[in-house]
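Chemist: Numbering (the working numbering), first residue to last: 40 to 90. Ideal placement from N, C-alpha and C gives every residue a C-beta, glycine not left out. The model shown is predicted, which means the values in this text are computed figures rather than measured ones.
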C-alpha cells in the first residue's frame with residue numbers, strides 16, 4: 040500500500056542523504072518497486088480514485 044511505499048522512500052532518502060535529488064529519485068524508482076505510485080505525471084488520477 041501507500042504507507043509502505045512512503046516508508047521505502049524515507050529509507051532510501053536516508054541511505055542517500057546529501058545526494059542529488061535526481062539520484063535519489065532513481066534509487067527510489069529502482070528500490071521501491073511500486074508501479075503505479077511513481078509515474079512521471081502529476082498524481083491527478085489519484086484524486087479521482089479518492090472521490
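Rounded to the nearest angstrom, how far is the Cβ of residue 94 from that of residue 61, given a contact under 8 Å?
Modeler: Summary: the structure shown does not reach residue 94, with the chain confined to residues 40 through 90, and so no result is reported for it.
Chemist: When DSSP labels each residue in this structure, what does residue 47 get in the three-state scheme?
Modeler: helix
Chemist: Just the C-alpha distance for residue 45 and residue 63, rounded to the nearest angstrom, thanks.
Modeler: Here the alpha carbon of residue 45 sits roughly 14 Å from the alpha carbon of residue 63.
Chemist: Kindly list the residues whose CB is nearer than 8 Å to the CB of residue 71, restricted to its own chain and excluding five residues on each side of it in sequence; keep chain order.
Modeler: 44, 47, 48, 51, 77
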